[in-house]
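Protein chains in written order, with this note's numbering: chain A, 1 to 217; chain B, 1001 to 1132; chain C, 2001 to 2824. By construction, the Cβ of each residue, glycine as well, lies at the ideal position given by its N, Cα and C atoms. Heads up, the thing below is written out as structure tokens.
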Amino acid sequence: MTLSGYEALFFWIFGLAAIFAGLLTVMARNAVHSALFLISSLISVAALFILARAEFIAGVQILVYVGGVMVLFLFVIMLVNVGAEERGTEEIFNNQRQVTASLIFCLLLVGGMLYSINTGYRGLQARYPATPDVVAAQESIRDQAHAPSATGSSRITKDTESVGSSLYRYASLPFEIASILLLVAIIGSVMLARTLKQEASADDLDPDTLETRINAD
Amino acid sequence: MLSFFNVIFLLQEAETRFDMMKRAAVNPDLSKFLVIGALLFIIGVAGVLTRRNIIVIFMSIELILNAANLNFIAFSRYLSEMGSVNAVAGQIFTVFIIVVAAAEAAIGLGIVIALYRNKETIWVDEIDLLKW
Amino acid sequence: MQKYIWLVPLLPLIGAAINGLLGRKLRFSEQIIGGIAVGSVALAFLISVAAVYSYGFGGHAEWPRPYLTSQDGFSFSWIPGGAVSVNHGAQYALLNIEWSYQLDPLSSIFMLIVTGVGLCIFVFATGYMHGETGFYRFFAYMGLFMFAMLVLVMGSNFLMMFVGWEGVGLCSYLLIGYYFDRQEAANASRKAFITNRVGDFGFALAIFGIIATFGSAQYVNVFEQAKSYPIELIGHWGVLSWIALGLFIGACGKSAQLPLHVWLPDAMAGPTPVSALIHAATMVTAGLYMVTRTNVIFQHSQTMLLVVALVGAATAIFAATIGITQNDIKKVLAYSTVSQLGFMFMACGVGAFAIGIFHVMTHAFFKALMFLGAGSVIHGMHHEQDMRRMGGLKKYMPYTYWTFMAGWLAICGVIPFSGFWSKDEILWNAASTTHIPLGWVVWLVGTIAATCTAFYMTRLMALTFWGRERFLEAPAGGEADEAHASAYDKGLAQHDATFASAGDRPRHEPGEHVGPVHEDVAHHVATHGHGAHHGAHIPHESPASMWVPLAVLAVLATLGGLVGIGPAFRTLTGTQHPGGHLNIVTWLNPIIWNPVTREFNTPDGHEAAAATTETAHAETAAPPVVEGAEGAAEAAHGSAAAVYGETGFNLAHAVEGSTHSELATEWIFIIISLVVAGIGMLLGGLFYIWRPALAGIWSQRLRPLYVASYNKYWVDEFYGLTVTRRTMDLARAVFRFDSGIVDGIVNGLAWLSRLFSRIVGGFDKYFVDGLVNTIAAFIMRLMSPLFRAAQTGFTQNYALVMVLGLMVAVAVFFARDILAVFQR
């Protein structure tokens, strides 16, 4: 899947952007900044998906992940964040020992991962060698097979079609289970986030807790 | 005398290596995708382990999941070119990971809300009820 | 008809089963129970009569051969024993014990006696036992007894005899202990059974010996083989003598010979019909049956013949002397029975087996008659048994009186009553025997015993039926019950029988007249049903159900002896044994073994025992005999002296030496026995009718003898001292050992266990637990802070550890590859 030309350029741009944004997510002082950096990281990754010819997934990522999950994150940040970090009254990182240990482990882990990726890929290439030109030629042949778009400058790929047919045929059971999972998640989150008054009015409190809480308030 | 030959050898080495690097840079392939995925993963792990704000920890978890998604998609592309029949499975998997991540985020944030209502704090090191 | 003899034991058994199992449950009335019992026995009797008739006298008479039911198919393979090793010839024999009946001369006589006399007694018992609550039980036991006795006499092998033997012993126990709530009855029944058992031990050993020696238990097989064994004279003791010894021990136990006679007088605690049937007519004669059945074996052992004769003689005189002084009417009759049994064994011992059986038959008639008569007297006297309180009953109970008189005359040996014929033959054969030495001693003892018999029987008649009516004058004793007379004598008036008896025993207060004044009305009226007689208490005649059997037996006692008219009367009758094979001696000949010819007798005229002194022909084989040629038959009598050697002084030979005529000798002995009987009767009349004071005077003069006789020679006390009480001492000692030592050991072990457990518990509680607690505390103090440090409650610490774990897992997963890197 060797990218070349403009694809390579955009790969590097979006790749480095994703990494950089992720880094900043973790290191930002303000929680809202963290969220925004995460959004940008996600969008960069979506772009990478497009480069990897997974257009449908890129769309799903942006719609669901960015449009749903991150918005939810932002709502919750509004609800709970008191801004103490940005004021400087609270630390953003844990105590030193924790951070040091974490960094050591993470460095070890990333070292191992990178080494294994490179070694593994060399092995993989030795098995299935493919020069970039041949690959590009094969890709262009494949691309010819697709229908051109309305404007004629690009082609309409069959990615959505293949994902959909696979999802509704071979992966239909996980699909249904996923829907049930979502249902459970909806119910659960609604139930978890109820206030005391909401729980009392729905008669979901035992009397002791009610007494304690009412007296405490 | 020896140093001369060594230098030439090293220069040749450097040149070969540089060429390789150039080629790698100009034609990124599967391994580059995986590297980016790994780096994102590590950043996410570091974030989970080091940050005090609970929301930021959740966001780091999202980073981790994202890195996994990238991995799947990269392999999906690679395998579809290698001629595997079921290369689209990677994308299917990604769909489900996104679904699960969304559900998990929803529940998790619900817990954060409940937690905040009870303990009035979002700093994880203040939530240590399990401490001896 | 013979082939139906298997019904004969079965019918009484069925009757007994019905009565016993259903009698109480279905509440049969007395009529039904009695009807079933009497009917079954009557039917058995009829079948016996028909079978014996067709066996002996019918068209296809099989006499003299024995008839076995296995010939007609009734034979049940009871114990298929397989191979047994035998002591002769072939090392192994196939022992197959079957259940089949044998009808031969001996068993036929016994069948008729048992069923016939038994029938009379059953009928009597329906009247006598009237009003008893255990009526059904009585007849169930009696029927069972009939079954066992018939199996005994009809069995074709020794094991069946043994089964019957034990069965009659059991029924004797059950029936003596019929009034089981009375101590005397319970004791007596136990005594009877245990004494019997002592004899049975010998019998069982003898059976083992028979099987080991002959390899079979069937009579026909055993006796065929035994015939050819050598005869063991005195001084030579062989296997057949051992067997005969065992058999005789059994006979002693069953037939109450010395020293196992002690149970018979005590057995009078049972109801009178039981005494009549079992202890007069049938069970006690089982020993005789056995001895006669095995006469082959006995005749092979001269020592045992001598033993039998001497024991019989000793028993006869022993019991006769005791009977003189007893006051209870039933006790007198009991000792009389023992004495007469002694006579029978005397007969067998001198070789006159057929005469022994003849005496069994006549004795069954007159003794059963007298027992039933005594029962009638007791019933009429309202259960009074002490003769001193009777007297003059002849006008109150005429039927009883006249029938009893027949029995009295029979037992005294007055011609032509039945007892005369048999007793005289016994004494003649004792005097003239060539089987054993000391025949004259046996004769002498027998004669004296006959005198005593006549004396005490006359005494009984005088005290009971003649003289003045003492029951109107004498005060009643404490408990006027059966078997209580002696207790009253001993002054034990207030003794065990304090609880209500199972029967209708009346109770009298001490000092109360048995006569006119009589209390206890309600009890008597309710159970006894005598109504109007109560207040007066005049003795009354018994009902028809009781005196009719008496009459039948009286006829038999009078005429029954005519089947055994002896050779002394040959001038009158023309033959040695008149009557063809209706004559008992002729009838029994085929089963008596002749030691001279070493074969069983042929039917006509050969007796094994009667050795005449007239003949000089010895060791001739049995010639064929024509009915009229008595002289030749007589001349062919072999003197058994040739077989048994010199047997010392022979009284008959001595007398014949003087008279030179066998007939005259025989008549001399007849006259002697009649004379001694007459002397006995006259003395009895003298002492108890004409000069009653003499009885008291002479009993004072012969005080030691009187006391010894009255106390039965203290045999029971002797046994108690040596055997009974020592056994109980042993039992007590064993009990003490068991409860003290054995239990003590067990308890001690338990105590030890408890102690041990306490020690271990203490150890566990203090040492082990202490150790555990110390270690636990130590660990806690040491390790607790360490482990506590891990529980920070800080989620990210846990996440860190998870990452660490992930790394380790990955490293493990790729361990090989990682190591390969470093090896490159």
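Query: is_contact[B:Asp1125, chain A] using C-beta, thresh 9 Å; Result: yes
Query: Chain-ordered residues of the segment 2788 to 2814 of chain C with a beta carbon less than 7 Å from chain B; Result: Arg2788, Gln2791, Thr2792, Gly2793, Phe2794, Thr2795, Gln2796, Ala2799, Leu2800 and Val2803
Query: Residues sharing a beta bridge with C:Ser2301, DSSP; Result: C:Glu2232
Query: Buried or exposed (CB count within 10 angstroms, at least 16 for buried), C:Ser2029; Result: exposed
Query: For C:Tyr2396, the three-state DSSP class (helix, strand or coil); Result: coil
Query: Continuous beta strand (DSSP E) stretch holding C:Ile2079: start and end; Result: Phe2076 to Ser2085
Query: Own chain residues within Cβ distance below 8 Å of C:Gln2299, not counting five before or after; Result: Ile2231, Leu2305, Gly2351, His2435, Trp2593, Pro2595 and Ala2608
Query: C:Ile2759 classed as buried or exposed, judged by whether at least 16 other C-beta atoms fall within 10 angstroms; Result: exposed
Query: Beta-carbon neighbours of B:Leu1049, restricted to chain C and to distances below 8 Å; Result: Gln2796, Ala2799, Leu2800 and Val2803
Query: Same chain only: Cβ atoms within 6 Å of C:Gln2102, ignoring 5 sequence neighbours per side; Result: Pro2066, Leu2068 and Ser2156
Query: Rounded separation between A:Ser4 and B:Ala1101 - CA only; Result: 32 Å
Query: Own chain residues within Cβ distance below 7 Å of B:Leu1030, not counting five before or after; Result: Ala1074 and Tyr1078
Query: Beta-carbon contacts of C:Cys2452 that lie in its chain and below 8 Å, excluding the five residues immediately before and after; Result: Ile2317, Ala2320, Thr2321, Gly2323, Ile2324, Ser2339 and Gly2680
Query: Which of helix, strand or coil DSSP assigns to C:Leu2174; Result: helix
Query: Sub-9 Å separation of A:Leu38 and A:Phe73 beta-carbons; Result: yes
Query: C:Ala2777: first and last residue of the uninterrupted alpha helix (DSSP H) it sits in; Result: Asp2769 to Ala2790
Query: Touch test, the segment 2001 to 2018 of chain C against the segment 2030 to 2048 of chain C, Cβ-Cβ under 8 Å, three pairs minimum; Result: yes
Query: C-beta atoms of C:Ala2833 and C:Ile2207 nearer than 9 Å; Result: No statement about residue 2833 of chain C is possible, as the shown extent of chain C runs from 2001 to 2824 and does not include it.
Query: Cβ-based neighbour list, C:Thr2282, same chain, cut-off 6 Å, excluding 5 preceding and 5 following; Result: Val2114 and Met2149
Query: 8 Å contact criterion, which C:Met2346 and C:Gly2312 should meet: CB distance rounded; Result: 4 Å
Query: Given C:Gly2380 as reference, the closest of C:Phe2471, C:Gly2413, C:Ala2354 and C:Gly2467 once Cα atoms are compared; Result: C:Phe2471
Query: Burial state of C:His2660 (16 or more Cβ within 10 Å); Result: exposed
Query: CB-CB length for C:Leu2651 against C:Trp2443, believed under 8 Å; Result: 6 Å
Query: C:Leu2460 classed as buried or exposed, judged by whether at least 16 other C-beta atoms fall within 10 angstroms; Result: buried
Query: Interface partners of A:Phe93 on chain B, CB under 9 Å; Result: Thr1050, Arg1051 and Arg1052
Query: A:Phe56 burial status per 10 Å Cβ neighbour count (16 or more: buried); Result: buried
Query: Backbone CA spacing between C:Glu2630 and C:Gly2645 [nearest angstrom]; Result: Any reading at C:Glu2630 must be qualified, since the residue scores a pLDDT of 37, below 50, and its modelled position is unreliable; no value is offered.
Query: Within-9 Å CB hit, A:Leu108 to chain C; Result: yes
Query: Neighbouring residues, chain C, relative to A:Ala101 (Cβ below 7 Å); Result: Leu2800
Query: Nearest-angstrom Cα separation, counted from A:Arg127 out to A:Ala47; Result: 29 Å
Query: Rounded straight-line distance, which links the Cα of C:Ser2075 to that of C:Glu2098; Result: 6 Å
Query: Same chain, Cβ closer than 7 Å to A:Ala35, five either side skipped, listed in chain order; Result: Met70, Phe73, Leu74 and Ile77
Query: Contacts of A:Gln98 in chain C (Cβ-Cβ under 9 Å); Result: Phe2794, Gln2796, Asn2797 and Leu2800
Query: Residues of the segment 173 to 189 of chain A with Cβ closer than 7 Å to any Cβ of chain C, in chain order; Result: none
Query: Three-pair Cβ contact test at 8 Å for the segment 100 to 119 of chain A versus the segment 2017 to 2027 of chain C; Result: no
Query: C:Ala2554, DSSP secondary structure in three states; Result: helix
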